[in-house]
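J.: Taking our numbering, the leading residue of the sequence shown gets 13, the next gets one more, and so forth.
If you scroll down you'll find the structure; I have some questions about it.
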Amino acid sequence: VDYYDDLPAKLVFLHSHRYAYHQEDLLTLLNDLDLPDTNAYCNLNSALWGTREDPDRSLLYRDFRSWAETHLEAPLPPVLLDRCCAQFAVTRDLVRS
13 VDYYDDLPAK LVFLHSHRYA YHQEDLLTLL NDLDLPDTNA YCNLNSALWG TREDPDRSLL
73 YRDFRSWAET HLEAPLPPVL LDRCCAQFAV TRDLVRS
């Protein structure tokens, strides 16, 4: 990596769009972000499965839920947080560790 020795104290990896089903308004999110100074990671997505937020994902969760509950022999919660989309904030210390 060309700039590995010159990384800023905090890094943010984002998509190029401001709005999406998996995130709040990106500018509001970044304005409210309070990342500690060392050894920190924060997922910047907030997609929920099983909500009315995105009808396609709600149907997918309904179908997946039935399959998973059958194979796990345990109930799933009504809503799952989706760790999708590779948007995150991280500190330089954690990248280098």
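Glycine included, every Cβ here is placed at the ideal spot set by N, Cα and C.
If I'm right that F100 touches N55 with Cβ under 8 Å, what's the distance once you round it to whole angstroms?
T.: 5 Å
J.: Enumerate in chain order the residues of its own chain whose CB-to-CB distance from R30 is below 6 Å, with the five nearest sequence positions on each side excluded.
T.: L38
J.: For T50, is the classification buried or exposed, using 16 other Cβ atoms within 10 angstroms of its Cβ as the cut-off for buried?
T.: So T50 counts as exposed.
J.: Using alpha carbons as the reference points, say which of H27, V13, L47 and H83 lies closest to A98.
T.: Measuring from the Cα of A98, the nearest candidate turns out to be H27.
J.: For V102, list the residues DSSP reports as bridge partners.
T.: According to DSSP, V102 bridges with L23 and Y53.
J.: Go ahead and label N57 buried or exposed: buried means 16 or more other beta carbons lie within 10 angstroms of its beta carbon, across all protein chains shown.
T.: buried
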